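For the numbering used here, count along the sequence shown from 1 and bump the result up by 26.
The C-beta atom is built at its ideal place from N, Cα and C for all residues, glycine as well.
Owing to the predicted nature of the structure, the values given are computational and were not obtained by experimental measurement.
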Amino acid sequence: FEATMFLEQWKRLQMRLTYFWDLTGLEEEEEHPRPEYENKLLQKKLTNKNMTTKNSNELFYLCISSQNEKEKLTWSDRMPGYAANFGLIVFMIMLTFSAVFGVIVYRITTAAALSFSTNETTRSNVRVTVTATAVIINLVVILILDEIYGAVAKWLTEIEVPKTEKTFEERLILKAFLLKFVNSYAPIFYVAFFKGRFVGRPGHYVYVFDGYRMEECAPGGCLMELCIQLSIIMLGKQLIQNNLFEIGIPKLKKLFRKLKDERTETKEIDPHQSKAPQQWDLDYALEPFTGLTPEYMEMIIQFGFVTLFVASFPLAPLFALLNNIIEVRLDAKKFVTELRRPDTVRAKDIGIWYNILSGIGKFSVIINAFVIAVTSDFIPRLMYQYAFSQNGTMHGFINHTLSYFNVSHLKAGTQPENSLFAQDVLFCRFKDYREPPWSPNQYEFSKQYWAVLSARLAFVILFQNLVMFLSILVDWMIPDIPKDISEQIKKEKSVLVDFFLKEEHEKLKLIESFMAYDKQKQESGTKGERIRAASFSQFNRSPKGSFTSFSSRHTEV
């Protein structure tokens with residue numbers, strides 16, 4: 027819901043900025059093909075004609091002819107690039123999953139090693155130690171893979187050879203976002219929806235490498251661990267990647283380039299030259315501006331942290347706001363003192379970034395529904411209170427969620443060696459909805475399990491449709507254009523229409539005056555022709571030399 031409100035407010039602000047910069051009537055101009063695309067097209071033309079260029083004039087002729095002819099790269103020409111894109115993107119996603127699995131193995135093995143420690147404090151804090159160190163490892167891996175994925179996405183887009191700069195930028199954004207989205211959220215998705223779901227049961231546990239049990243959630247569930255994981259990754263990325271890297275990396279590049287220029291360039295000593303460097307020298311030493319894609323990507327990933335798992339970490343919007351307040355000043359300093367002046371480009375909106383934001387907003391509804399229904403105990407508690415409790419309270423809820431297990435059913439070699447109890451234990455309890463050992467279907471999922479699962483799925487469907495309906499309602503209620511801007515645009519259009527009508531009216535009056543003048547002129551010309559014709563006729567009828575007769579008859583006519 028907050029994502030919908032944010033997007034609606036952004037559309038209103040975007041319209042206000044568009045009107046302020048006089049871009050309401052901006053039309054997209056046809057872009058010229060990229061030089062790489064033209065080069066690929068030229069190579070195709072040379073290959074198809076089986077010829078080699080002997081001189082520069084022939085090459086120039088081919089370049090001109092390839093631009094004039096409506097020839098383009100076909101699907102078969104792009105197939106190698108598409109195949110490389112698909113293969114490498116799948117490989118990078120598998121690499122991310124492998125890194126997550128490696129951290130899982132680290133958690134399992136470290137927890138097993140610390141459990142055998144002789145230090146009582148270490149044994150009692152195994153879960154906290156393993157969780158904190160694993161999250162830090164995840165953070166370091168995410169930061170490293172983010173930089174790698176950015177370079178890989180750019181290279182994949184280049185070998186795909188898009189035709190225009192706009193197409194190139196959109197495909198680069200989609201690839202980078204896909205890779206960084208999977209990289210940033212894969213560990214969080216694992217904790218939220220997969221951890222503790224495939225551990226088995228007593229007597230039939232799932233083992234990794236034939237010696238280590240799959241890790242389980244804490245007795246209270248995985249929601250608290252999800253909150254810790256999300257907070258550390260989010261705050262770590264914002265502090266290290268969004269703030270330290272943005273200031274430190276341009277400074278390091280600037281220092282490296284300065285040292286390289288000092289080594290390669292030979293400077294002549296001019297005694298008349300001023301020692302103070304000129305402004306253009308200082309500007310040239312700055313880092314070149316590479317675009318706003320990294321800045322947008324930071325905000326998109328942060329938007330995902332705020333919206334996707336806000337049910338497990340409600341303080342995420344507050345930390346995002348504090349980070350953005352700091353980052354605004356850091357970005358201002360970076361753009362003024364560390365980067366060269368960017369080229370200005372007219373644009374009506376933020377382009378494909380809005381579609382990504384809208385997609386994340388819709389996806390966050392489903393994710394939060396599953397977090398509430400599956401990760402937390404919200405649905406089991408409601409089911410117990412209104413369906414299984416005898417007095418309508420939560421008394422006995424813990425006992426209801428525990429199942430019985432006969433310790434004699436443990437496999438050989440898996441029994442506890444040193445029991446802390448004074449007498450032998452016949453039954454133990456574990457958290458799950460399963461049939462008891464004395465049931466005909468022992469250790470199978472019970473009716474309570476299927477009832478809770480049905481309630482969870484029903485909640486997901488109901489929650490998703492309700493929030494989607496409210497989002498559509500909010501979208502319909504909040505106009506995309508602010509009222510003052512809409513009235514101002516209508517007023518300007520009315521003034522413009524009145525101006526055009528006045529101009530057309532003046533043109534019409536002018537045309538009518540010209541037509542009246544031409545008509546009058548034609549009538550006067552016709553009358554004169556008739557007078558001359560009549561005079562000429564009377565002159566021919568009078569005797570020769572009779573001037574008096576001619577003038578008198580002419581006057582009568």
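Taking the CB atoms as reference points, tell me whether Arg227 and Tyr469 lie closer together than 8 Å.
Yes.
Can you tell me which of Ile273, Leu204, Leu165, Asn164 puts its alpha carbon nearest to the alpha carbon of Lys180?
Leu204
From the DSSP secondary-structure annotation, give me the bridge partner or partners of Arg455.
DSSP output for Arg455 lists Tyr430 as bridge partner(s).
Name the residue from Glu518, Phe525, Phe495 whose alpha carbon lies nearest to the alpha carbon of Thr30.
Taking only the C-alpha atoms, the option nearest Thr30 is Phe495.
Using a Cβ-Cβ cut-off of 7 Å (strictly less than) and excluding sequence neighbours within five positions of Val391, which residues of its own chain qualify?
Gln490, Val493, Met494
From the DSSP output, read off the bridge partner residues of His230.
Arg227
Going by DSSP in three states, Arg60 sits in which element: helix, strand or coil?
Of the three classes helix, strand and coil, the one that applies to Arg60 here is coil, per DSSP.
Looking at Thr333 and Glu532, is the spacing between their C-beta atoms short of 8 Å?
The answer is no: Cβ separation not under 8 Å.
Do Glu196 and Glu57 have their CB atoms nearer than 8 Å?
no
Mark Asp172 as exposed unless 16 or more other C-beta atoms lie within 10 angstroms of its C-beta, in which case mark it buried.
buried
Taking the alpha carbon of Gly107 as the reference point, which residue from Ala212, Ile185, Glu518, Ala484 has its own alpha carbon closest?
Ile185
Measuring alpha carbon to alpha carbon, tell me which residue in Phe32, Ser143, Gly229 is nearest Ala438.
Gly229
Suppose the cutoff is 7 Å on Cβ atoms and the five residues either side in sequence are ignored; what does the same chain contact list for Ile266 look like?
Leu169
Bridge partners for Gly247 per DSSP, in chain order?
Ala244
Nearest to Thr319 by alpha carbon, out of Lys201, Ala218, Leu408, His435?
Lys201
Let's test the definition: count the other Cβ atoms within 10 Å of the Cβ of Pro303 and tell me whether it reaches 16, buried, or not, exposed.
Exposed: under 16 other Cβ atoms inside 10 Å.
Just the C-alpha distance for Thr363 and Ala342, rounded to the nearest angstrom, thanks.
31 Å
What is the C-beta distance between Leu165 and Ile254, in whole angstroms, given that I count them as a contact (C-beta under 8 Å)?
At roughly 12 Å, the Cβ-Cβ gap does not stay under 8 Å, so Leu165 and Ile254 are not in contact.
What's the call for Ile487, buried or exposed, on a 16-neighbour Cβ count within 10 Å?
exposed
Would you identify the three-state DSSP class for Leu365, choosing helix, strand or coil?
Here Leu365 sits in strand by DSSP.
Classify Ala413: buried if its beta carbon has 16 or more other beta carbons within 10 angstroms, exposed otherwise.
exposed
Buried or exposed: where does Tyr310 fall if 16 or more other Cβ atoms within 10 Å of its Cβ makes it buried?
exposed
When you compare only the Cα positions, how much space is there between Gln411 and Gly422?
C-alpha separation (whole angstroms): 10 Å.
Could you tell me if Pro213 is buried or exposed, where buried requires 16 or more neighbouring beta carbons within 10 angstroms of its beta carbon?
buried
For the pair the segment 50–70 and the segment 524–541, tell me if three or more CB-CB distances fall below 8 Å.
Contact annotation: the segment 50–70 does not touch the segment 524–541, with fewer than three C-beta pairs closer than 8 Å.
With a threshold of 7 Å on Cβ separation, who are the neighbours of Gly387 within its own chain once the five nearest residues in sequence on each side are excluded?
Ala29, Thr30, Leu33, Thr333
Check the DSSP bridge columns for Tyr238 and list the partner residues they point to.
Partner(s): Val234.
Should Glu242 and Gly222 be called a contact, given that it needs their Cβ atoms to be closer than 8 Å?
When the beta-carbon positions are compared, Glu242 and Gly222 come within less than 8 Å of each other.
Between Val451 and Gln328, what straight-line distance do the alpha-carbon atoms span, to the nearest angstrom?
Distance between Val451 and Gln328, taken at the CA atoms: about 51 Å.
Please determine, among Val371, Asn417, Phe335, Glu321, the residue with the shortest C-alpha to C-alpha distance to Asn350.
Of the listed residues, the one whose Cα sits closest to Asn350 is Glu321.
Say whether the segment 34–49 touches the segment 510–523, bearing in mind that this needs 3 or more beta-carbon pairs closer than 8 Å, one atom from each stretch.
yes
How would you call Gly330, buried or exposed, if buried means at least 16 neighbouring beta carbons within 10 angstroms?
Counting of Cβ neighbours within 10 angstroms places Gly330 among the buried residues, the total reaching 16 or more.
Using the three-state DSSP reduction, which class does Pro569 fall into: helix, strand or coil?
For Pro569, the predicted model reports a pLDDT of 46, less than 50, meaning its position is unreliable; a value from the coordinates is still stated below. Coil.
Which residue's Cα is closest to the Cα of Asn111: Asp48, Ile163, Tyr175, Phe142?
Tyr175
Could you check whether Val156 and Thr183 sit closer than 8 Å to each other, using their CB atoms as the reference points?
The Cβ atoms of Thr183 and Val156 lie no closer than 8 Å to each other.
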